[in-house]
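These notes concern the structure reproduced below.
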Amino acid sequence: MVEHDGLKRAGQSPDQLIGTWAVIPHPSTAELLAGVGYDFVVLDAEHTPMSYETMENMVRAVDAAPGETETLVRVPDDDPATLKRTLDLDPTGVLVPMVETAEQAAAVVDASRYPPAGTRGLGLGRATGYGRALGEHVESAEETVVRYVQLESERAVANAEAIAAVDGIDGVFIGPVDLSMSMDRFGEWDDGDFLEAVDRVVEAASNAGVAVGTLATDADQRATRLDWGVDYLVAGVDALHLSDGAVEALDHSTTLSE
1 MVEHDGLKRA
11 GQSPDQLIGT
21 WAVIPHPSTA
31 ELLAGVGYDF
41 VVLDAEHTPM
51 SYETMENMVR
61 AVDAAPGETE
71 TLVRVPDDDP
81 ATLKRTLDLD
91 PTGVLVPMVE
101 TAEQAAAVVD
111 ASRYPPAGTR
121 GLGLGRATGY
131 GRALGEHVES
141 AEETVVRYVQ
151 LESERAVANA
161 EAIAAVDGID
171 GVFIGPVDLS
181 MSMDRFGEWD
191 DGDFLEAVDR
201 VVEAASNAGV
211 AVGTLATDAD
221 QRATRLDWGV
231 DYLVAGVDAL
241 HLSDGAVEAL
251 DHSTTLSE
């Protein structure tokens, strides 16, 4: 694991953080990924059947693994109740999908800050030590809670500068698949218009001093997307690692048996 100040300050670090993505809703998978030594693990609660109970156990599993792997939960939406319940589980932070305007980003910040700066309610969950550390938690939350937002549409790219500049936003995430679909360039990673959109988001984040990152699901994408100038990269997905390894083992065994 590289030396860094974590996802909170990735935009100011010269190191590129390398993380991974967990879509298999089980704590064993999260613990395994964290134990490999990734800088962070994204737990996907948007496109999986992950429950809050499972999410909490996956956060625990990452925390229990050796090393200092951090946890981002990709929430299903930007509803204040969703953000509140997720942050009560004490992940490092949240990754909010489909953010398209500065107003939406500001609402995410408001819902994840305690009064008087925001409207987040205070609960007795894991984040507060089940009520034993209320004061300490409120005092430290502003400096520790990470807020990343996904820019994955043409409208989001058009508003990238304003979104990245919102006070309290720590990072932006380029969603390559949804962005390419929004632009009617699905999977056309070398398309000039797509790469221009990527450059605009990277520049907006750099100018605002916040982190910018993206996802890569194979070796070619990892090499190319690190060259986009990102501060962090999600370098694969657990289900694809499983699938690729299974296919490789089957193909190799079949060849040996012929």
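The sequence shown lines up with residues 1 to 258 when you count with the UniProt record's numbering.
A virtual CB, placed ideally from N, CA and C, is assigned to each residue, including glycine.
- Collapsing the DSSP output to three states places Asp44 in a strand.
- The three-state reading of DSSP puts Thr82 in helix, counting H, G and I together.
- The Cβ-Cβ distance between Thr214 and Ile174 falls below 9 Å.
- Cα atoms of Arg200 and Leu43: separation of roughly 27 Å, rounded to the nearest angstrom.
- Rounded to whole angstroms, the Cβ separation of Ala45 and Ala102 is 24 Å, and the two are not in contact under 8 Å.
- Apart from sequence neighbours up to five positions away, the residues of its chain that approach Val210 with a beta-carbon distance below 7 Å are Gly11, Ala164, Ile169, Asp170, Gly171, Val172, ordered along the chain.
- According to the DSSP assignment, Val237 belongs to the beta strand (DSSP E) that extends over 232 to 237.
- Between Phe40 and Thr54, the C-beta gap is not smaller than 9 Å, which leaves the two residues out of contact.
- Three or more Cβ pairs closer than 8 Å define a contact, and the stretch 67 to 84 falls short of that threshold against the stretch 131 to 144.
- For Glu258, the secondary structure class from DSSP, reduced to helix, strand or coil, is coil.
- Distance from Pro27 to Arg60 at the Cβ level is roughly 7 Å; contact confirmed, criterion being Cβ atoms closer than 8 Å.
- Partner residues in the beta bridge of Thr20, as assigned by DSSP, are Val41.
- Collapsing the DSSP output to three states places Thr101 in coil.
- Counting along the chain, the unbroken beta strand (DSSP E) around Tyr148 starts and ends at 146 to 151.
- When beta bridges are read from the DSSP output, Gly171 appears opposite Tyr148, Ala211.
- The beta-carbon separation of Ala160 and Ala107, rounded to 17 Å, does not stay under the 8 Å limit for a contact.
- Distances from the CA of Asp238 to each of Leu17, Tyr38, Gln150, Val157 were compared; the closest alpha carbon is that of Tyr38.
- Leaving aside the five residues that flank Ala246 on each side, none in its chain has a CB nearer than 6 Å to its CB.
- If you check the CB distance, Ala34 and Thr69 come in under 9 Å.
- Excluding sequence positions up to five before and after Ser182, its CB lies within less than 6 Å of the CB of Ser153, Glu154, all in the same chain and listed in chain order.
- Listed in chain order, the non-local C-beta contacts of Leu242 below 8 Å within the same chain comprise Ile24, local neighbours out to five positions each way being set aside.
- The alpha carbon of Arg147 has as its nearest neighbour, out of Ala156, Gly125, Asp178, Asp110, the alpha carbon of Asp110.
- Counting along the chain, Val157 sits inside the alpha helix (DSSP H) bounded by residues 154 to 158.
- Closest by C-alpha distance to Ser51, out of Gly131, Glu31, Thr82, Gln104, is Thr82.
- About 5 Å separates the CB atoms of Arg126 and Leu89; that is less than 8 Å, so the two are in contact.
- At a cut-off of 3 residues, the continuous stretches assigned as beta strand (DSSP E) that sit fully inside the stretch 162 to 206 are 171 to 174.
- In terms of CA proximity to Tyr232, Val212 leads the group Thr71, Val212, Asp63, Ala105.
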